[in-house]
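Undergrad: For the sequence shown, this note's numbering begins at 74 and goes up steadily by one.
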Amino acid sequence: MKNNFTYRFSIILLFFLGLYSCSVSKYIPEDEVLYAGSELEIQVDEKKTNVKKVKEDLNLLLQPQENSTVLGMRLGLYYHFKAQKKKPGFLNKWLNKKFGEAPVYLSEVNAQRIEELLLNRLDNRGFFYSKVNSEVDSSKNSAGFKYTATLPKPYTLEAFELKEDSLPIYNEIKEVLADTQIKSGNRFDLELLKFERQRIDTELKQRGYYNFNPDFLIFEADTNRYANRKFDLLLRLKQNVPAKSIIPYTIDSITVYPKYAISDTVTSGEKTSINGIHFIQNEEFFKPKKLEPYILFQKGQKYNANIARLTSNRLSNIGSYKFVNTRFTEKDSIALDAEIGSLDADIYLSPLTKRSVRAELQAVTKSNGFAGPGIAVTYSNRNLFKGGETLSLSTNFSYETQLSGGDSGGLSSIAGGLKADLIIPRLVPFSPSQFKYAVPKTKISLGADVLNRTKLYTLTSFNSSFGYTWKANKYVFHELNPISINYVNLANTTPEFEEILNSNPFLKQSFEQQFIAGLNYTFTYNELVDTDKSQPIFVTTSLDVSGNMLNLVSGGNEKVLGLEYAQYAKVDIDFRYYLKWGKEQALVSRVFAGWGLPYGNSTSLPFVKQFFSGGPYSVRAFKIRSLGPGTFTSDDTSTTSFFDQSGNLRLEGNLEFRFPIWSYLKGALFADAGNVWLTNNPVISEDESEEGIAFNERLQAQGKFGPNWYKDLGVGVGLGLRVDIQSFVIRLDLASPIRVPYLPEGERGRTPFFDGGDDNLIFNFAIGYPF
Numbered sequence: 074m075k076n077n078f079t080y081r082f083s084i085i086l087l088f089f090l091g092l093y094s095c096s097v098s099k100y101i102p103e104d105e106v107l108y109a110g111s112e113l114e115i116q117v118d119e120k121k122t123n124v125k126k127v128k129e130d131l132n133l134l135l136q137p138q139e140n141s142t143v144l145g146m147r148l149g150l151y152y153h154f155k156a157q158k159k160k161p162g163f164l165n166k167w168l169n170k171k172f173g174e175a176p177v178y179l180s181e182v183n184a185q186r187i188e189e190l191l192l193n194r195l196d197n198r199g200f201f202y203s204k205v206n207s208e209v210d211s212s213k214n215s216a217g218f219k220y221t222a223t224l225p226k227p228y229t230l231e232a233f234e235l236k237e238d239s240l241p242i243y244n245e246i247k248e249v250l251a252d253t254q255i256k257s258g259n260r261f262d263l264e265l266l267k268f269e270r271q272r273i274d275t276e277l278k279q280r281g282y283y284n285f286n287p288d289f290l291i292f293e294a295d296t297n298r299y300a301n302r303k304f305d306l307l308l309r310l311k312q313n314v315p316a317k318s319i320i321p322y323t324i325d326s327i328t329v330y331p332k333y334a335i336s337d338t339v340t341s342g343e344k345t346s347i348n349g350i351h352f353i354q355n356e357e358f359f360k361p362k363k364l365e366p367y368i369l370f371q372k373g374q375k376y377n378a379n380i381a382r383l384t385s386n387r388l389s390n391i392g393s394y395k396f397v398n399t400r401f402t403e404k405d406s407i408a409l410d411a412e413i414g415s416l417d418a419d420i421y422l423s424p425l426t427k428r429s430v431r432a433e434l435q436a437v438t439k440s441n442g443f444a445g446p447g448i449a450v451t452y453s454n455r456n457l458f459k460g461g462e463t464l465s466l467s468t469n470f471s472y473e474t475q476l477s478g479g480d481s482g483g484l485s486s487i488a489g490g491l492k493a494d495l496i497i498p499r500l501v502p503f504s505p506s507q508f509k510y511a512v513p514k515t516k517i518s519l520g521a522d523v524l525n526r527t528k529l530y531t532l533t534s535f536n537s538s539f540g541y542t543w544k545a546n547k548y549v550f551h552e553l554n555p556i557s558i559n560y561v562n563l564a565n566t567t568p569e570f571e572e573i574l575n576s577n578p579f580l581k582q583s584f585e586q587q588f589i590a591g592l593n594y595t596f597t598y599n600e601l602v603d604t605d606k607s608q609p610i611f612v613t614t615s616l617d618v619s620g621n622m623l624n625l626v627s628g629g630n631e632k633v634l635g636l637e638y639a640q641y642a643k644v645d646i647d648f649r650y651y652l653k654w655g656k657e658q659a660l661v662s663r664v665f666a667g668w669g670l671p672y673g674n675s676t677s678l679p680f681v682k683q684f685f686s687g688g689p690y691s692v693r694a695f696k697i698r699s700l701g702p703g704t705f706t707s708d709d710t711s712t713t714s715f716f717d718q719s720g721n722l723r724l725e726g727n728l729e730f731r732f733p734i735w736s737y738l739k740g741a742l743f744a745d746a747g748n749v750w751l752t753n754n755p756v757i758s759e760d761e762s763e764e765g766i767a768f769n770e771r772l773q774a775q776g777k778f779g780p781n782w783y784k785d786l787g788v789g790v791g792l793g794l795r796v797d798i799q800s801f802v803i804r805l806d807l808a809s810p811i812r813v814p815y816l817p818e819g820e821r822g823r824t825p826f827f828d829g830g831d832d833n834l835i836f837n838f839a840i841g842y843p844f
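(1) Taking one C-beta from the segment 229-246 and one from the segment 208-221 each time, how about it: are there three or more such pairs within less than 8 Å?
(2) Cβ of Glu729 within 7 Å of any heavy atom in the ligand GTP?
(3) Pick helix, strand or coil for Gln658, following the three-state DSSP scheme.
(4) Please check if any C-beta of chain D sits within less than 8 Å of the C-beta of Gln185.
(5) Quick one: using the 10 Å Cβ neighbour count with 16 as the cut-off for buried, is Glu245 buried or exposed?
(6) Can you give me the C-alpha to C-alpha distance between Gln640 and Asn721, rounded to a whole angstrom?
(7) Excluding the five sequence neighbours on either side, which residues of its own chain have a C-beta within less than 7 Å of the C-beta of Gln775, listed in chain order?
(8) Quick check on this structure: which residue in Tyr394, Glu412, Ser615, Ala418 has the alpha carbon closest to the alpha carbon of Thr402?
(9) For Ile319, which of Ile353, Arg280, Asp295, Phe352 has the nearest alpha-carbon?
(10) Once DSSP output is grouped into helix, strand and coil, what is the label at Phe89?
(11) Counting Cβ pairs closer than 8 Å, one from the segment 321-337 and one from the segment 247-264, do we hit at least three?
(12) Work out the CA separation of Leu107 and Met146 for me, nearest whole Å.
(13) Over what stretch of residues does the alpha helix (DSSP H) that includes Phe401 continue unbroken?
(14) In chain order, which continuous runs of the alpha helix (DSSP H) of length 4 or greater are located wholly inside the segment 139-185?
(15) Is the CB-CB distance between Lys363 and Lys459 below 8 Å?
(16) To the nearest angstrom, how far is the alpha carbon of Gly591 from that of Phe539?
(17) What residues match up with Gly489 in a beta bridge as DSSP calls it?
(18) Answer yes if the segment 339-355 comes into contact with the segment 267-285, meaning at least three C-beta pairs across the two stretches below 8 Å, and no otherwise.
(19) Closer than 8 Å is the cut-off here; do at least three beta carbon pairs connect the segment 224-231 with the segment 288-308?
(20) Kindly indicate the opening and closing residues of the alpha helix (DSSP H) around Tyr243.
(21) Alpha carbon to alpha carbon, how far is Leu634 from Tyr560?
(22) Using three-state DSSP, classify Val127 as helix, strand or coil.
(23) First and last residue of the alpha helix (DSSP H) that includes Arg387?
(24) Roughly how many whole angstroms lie between the Cα atoms of Ser465 and Asn454?
(25) Could you tell me which of Glu357, Gly822, Ile496, Lys739 sits nearest to Arg795, measuring between CA atoms?
(26) Would Trp543 and Ala511 be called neighbours here (beta carbons separated by less than 8 Å)?
(27) In the structure shown, what three-state DSSP assignment does Asn546 receive?
(28) Provide the residue span of the alpha helix (DSSP H) that contains Phe596, from first to last.
(29) Distance check for Asp603 and Ser481, CA to CA, integer angstroms please.
(30) When DSSP labels each residue in this structure, what does Pro102 get in the three-state scheme?
(31) To the nearest whole angstrom, what separates the beta carbons of Lys344 and Ile353, a pair I think is in contact under 8 Å?
(32) So Pro733 is in the beta strand (DSSP E); what residue range does that whole segment cover?
(33) Kindly indicate which three-state DSSP category Ala666 falls into: helix, strand or coil?
(34) Count the other CB atoms, across all protein chains shown, that sit within 10 Å of the CB of Leu168; report buried if there are 16 or more and exposed otherwise.
(35) Taking a contact to mean a Cβ-Cβ separation below 8 Å, would you say Gly258 touches Leu230 in this structure?
(36) When we look at the beta-carbon of Asp806 and count the other beta-carbons within 10 Å, is it buried (16 or more) or exposed?
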């Protein structure tokens, strides 16, 4: 007991000595006092006032902010003072650069100015004739201000009307006001009035009012009719608004320059006209009939700012142009009594380099644990058929070895491939005008790959697809491939791999299905493109269906052209929620669920379509593909285990806290949980070996999904370092399990980083963030 007391006393003493050593009071000049922040108290005359919301608004004005504290210590200020010494040393300079804060003194705070700002804000929110006062709240080493705001009953809106006359623009404004947020009973709010002026201007810009400006609108508040803090609101145009600003404009001519150089001063060439749009180019670079559908406005239409913006976006998204510049020019002068004006629209398109060759040296890590160097060469031809088509021819070669595969780490592979992609900037055979937000694209692909996996086999695969991609809006992306064909030929199998197949009928069946043909669809909703969002979400879901059309064509036969084809349906969803705050800090949560269902002449999913769990992009506290199915674990410590542990159902959840450390170096703390399971019983042939039958019985007993599935979850925690240089990320994660599902029940729990044997610490190296 005495030793225990001495130990605790020593810890407490060291803690207080640490607090004392980080004290900054000795660095404060004698004539200064540290600023300790400000406090705001609000007193209201009317109980209905939303004090919390008003206080949040006013607190934004209480500047500056005091120096931050951690457990009562001003560490940032302490590092700043230490760095001011004549010889601060490298560590103090680094701490100051990363965490240091210059001192904020009470003398720097202008309390009178803050009072004026508070009163002004209260006036803008309808609390006219408020009172604000302040007093110093001090202690020995610091002092702050306490502000007290006394709010009277606010002014509220009784009636709102448009003070109109005979000008046609008033009819337009009246229609726009049908959706106004200014309602009777609203408290006076200057920000709302500014917002309404901007909204009216935006709407008028869609109705042809090219020269209108929100400053031409004025709100007038009238309190003379009321004695109980109510007011009427009038909206009108200011006096002497220019005549050209209150009339709509129509587009009189549209001229497009498909091959314009920024250095050009004269735009002349052969002229072609289609549907009232003129195309001028010295030699045909882009076929006018192919380019015309991307232009959404037409001759004789009223000017519409939104349509002009969408047209520019669509032309930029074709993929052939570096710059798109649309200019509107007023025609002639406007008479005082004119009812409409005219605009000339000129569209200048500056092409990208038509042909390019790109070579890349790559360092690749994959979700199956393979990593290694590679090289890829791509040739691109933009605007191949003078309609914006892009042809890409690529070839790649790589050598990969399994870095974190445990006993199966001897696996390596040599891979190479050829691929041709033709991207057409429209939905063949549909018109692009049906999609106004962005250019939809048709993609036709054809490719071949060879994979030589040492000690195991050689896979030759041929694939082709025909599909569409399009953005519905800023956040929503669709990809539909109605035709997706993949043929895989397994050859040069080694005796070792043949033994693996013979001992695992379930795996053998998945490799026998060499022909995969069907359709797939992916929907993505991505708020991460909006960097201003503090709580963005990301959702992607995919549907993959194979074999139905082949089954119909073959009349129900198991083979087409002598090839056994796979029949299955597979769906998955990946949901992520990001909570961001401060400087590059974020709490990211992710949930993944996927299920594949074989049917027809398939008893299992093709091997390339199965789910796996564990590894740098999954549950990081477990080795690559070492989790599942269920509580199953392979008895073999050779390469067999690399193939055994798959399933047709996968559930996974991840939580990760990300924070900056220094410059490009970031840190992370994370927790992962997940596994894969089997949901169907494979059909075992009569000539199957006893070893194969026994293996499948054990696989089904331990790997089947059931009501107690949550007890089968593998769970782990860890920490990581990331080098993030302009979105190129090198990731190092160290993880440890806290629940191991394949251990005997009652022994599955662990203390991370302390319990367990060789598999207690798992190191993951990867390129890119895990999610």
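All residues carry an ideal CB built from backbone N, CA and C; glycine is no exception.
TA: Taking the geometry as given:
(1) no
(2) You won't find the ligand GTP in this model; it holds no ligand whatsoever.
(3) strand
(4) Absent from the structure: chain D. Only one protein chain is present.
(5) The residue is buried, with at least 16 neighbouring Cβ atoms inside 10 Å.
(6) 14 Å
(7) Closer than 7 Å at the Cβ level, and outside the excluded window around Gln775, lie Gly703, Thr704, Phe705.
(8) Ala418 is the residue among Tyr394, Glu412, Ser615, Ala418 whose C-alpha sits nearest the C-alpha of Thr402.
(9) Arg280
(10) In this prediction, Phe89 scores a pLDDT of 41, lower than 50, which makes its location untrustworthy; no coordinate-derived value is stated.
(11) No, because fewer than three Cβ pairs between the segment 321-337 and the segment 247-264 fall closer than 8 Å, the two stretches do not touch.
(12) 13 Å
(13) Segment 394-403 is the beta strand (DSSP E) holding Phe401; no alpha helix (DSSP H) there.
(14) 148-156, 162-172
(15) yes
(16) 11 Å
(17) Phe470, Val523
(18) no
(19) yes
(20) Element bounds for Tyr243: 241-249.
(21) The alpha-carbon atoms of Leu634 and Tyr560 are separated by roughly 12 Å.
(22) It is helical.
(23) 378-390
(24) 7 Å
(25) Lys739
(26) yes
(27) coil
(28) Where Phe596 is concerned, there is no enclosing alpha helix (DSSP H), although the beta strand (DSSP E) it sits in stretches over 588-599.
(29) For Ser481, the predicted structure reports a pLDDT of 47, less than 50, and the residue's modelled location is therefore unreliable. A value from the coordinates is still provided. Cα to Cα, the separation comes out at about 43 Å.
(30) In the three-state reduction of the DSSP assignment, Pro102 falls in the coil class.
(31) 5 Å
(32) 722-735
(33) Residue state for Ala666 is assigned as strand, using DSSP reduced to three classes.
(34) Buried is the call here.
(35) yes
(36) buried
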